[in-house]
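Start counting the sequence shown at 87; every next residue gets the next number (this note's numbering). The C-beta atom is built at its ideal place from N, Cα and C for all residues, glycine as well.
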Amino acid sequence: MRAPRECASWFWDLEDYAPPGLRSALTVAARMSAVLQKHDLLQPTTLEWFWLVPDMGGAVGKSSVGLLRPLDDEWTSRRVEELRPVAFPEAETSGLRVVGTGVWSDADGVQHREERLVELTVSSEPLGLSADVSVFHDVWGPFDFRGLPHPEVHRNNAPRLAAALKELEVLLGVPAEPGEATYFGTAVGYGVMEPDVVDGRGPDLTDQL
């Protein structure tokens, strides 16, 4: 099951890793997505982003483009620039989100390809870049969203996510910070925090699905 909000996320402040700017953000996104793809967590297919006008304090539009070339290819940055809203020539990109498909394994070890299994966002701010990796499915924690334990599913998926997060830390040279907790869970270390357990069951979260 996929939640409408993340069940765990990890954040990196990349001010010292890369300069601000669209091309820089796309280069970082390409490097990070290569790590996630190596672990079968994210096969990029689409790039999404908002357009912001600083003086207006909010988004003036949203765009997306199919990834016909690599993220760090000049074609990609040029295509992003071409989609700037005509009415707002001063608009800037915000939150370059890389989406695609990833693989998870069920209790029997059978692999399934899933849309938006893992999402990667790289944001370019005036002082530098930041990045965020988010997960939304219950396969990463020891209980499903109904509160039922599924140790085999957890064992078949969580180690791969942890390995990718550790590799991203090495790539970026800075430790990941756990994101904010949501109704569906929170990050701890390189995984999803185990919830409070009552009579062998976790909380039933399906009322928000």
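By DSSP, does residue i sit in helix, in strand, or in coil?
i	result
residue 260	coil
residue 141	helix
residue 245	helix
residue 251	helix
Only counting the same chain, and skipping five residues up and downstream in sequence, which positions put a Cβ closer than 6 Å to that of residue i?
i	result
residue 79	Outside the displayed span of the chain (87 to 295) sits residue 79, for which this structure offers no information.
For residue i, which residues from the same chain have a beta carbon less than 7 Å from its beta carbon, with the 5 sequence-adjacent residues on both sides left out?
i	result
residue 295	87, 89, 231
residue 233	287, 288, 289, 290
By the 10 Å Cβ neighbour count, where 16 or more other Cβ atoms means buried, how is residue i classified, buried or exposed?
i	result
residue 142	exposed
residue 276	buried
residue 227	buried
Between which two residues does the beta strand (DSSP E) containing residue i stretch?
i	result
residue 108	Not the beta strand (DSSP E): residue 108 falls in the alpha helix (DSSP H), residues 108 to 124.
residue 101	It is not in any beta strand (DSSP E) - residue 101 carries neither H nor E in the DSSP assignment.
residue 198	197 to 201
residue 207	204 to 211
Give me, in chain order, the residues of the same chain whose beta-carbon lies closer than 8 Å to that of residue i; leave out the 5 immediate sequence neighbours on both sides.
i	result
residue 135	148, 149, 150, 166, 179, 180, 181, 182, 183
residue 213	101, 106
May I ask which residues mark the beginning and end of the alpha helix (DSSP H) holding residue i?
i	result
residue 183	It is not in any alpha helix (DSSP H) - residue 183 instead sits in the beta strand (DSSP E) that spans 178 to 191.
residue 225	Counting along the chain, residue 225 falls outside any alpha helix (DSSP H), and DSSP gives it neither H nor E.
residue 162	160 to 168
How about the segment 125 to 137 and the segment 148 to 164: do they share at least three Cβ pairs that are nearer than 8 Å? yes
Are the segment 186 to 205 and the segment 101 to 116 touching, with three or more C-beta to C-beta distances below 8 Å? Contact between the segment 186 to 205 and the segment 101 to 116 is absent, because fewer than three Cβ pairs lie under 8 Å.
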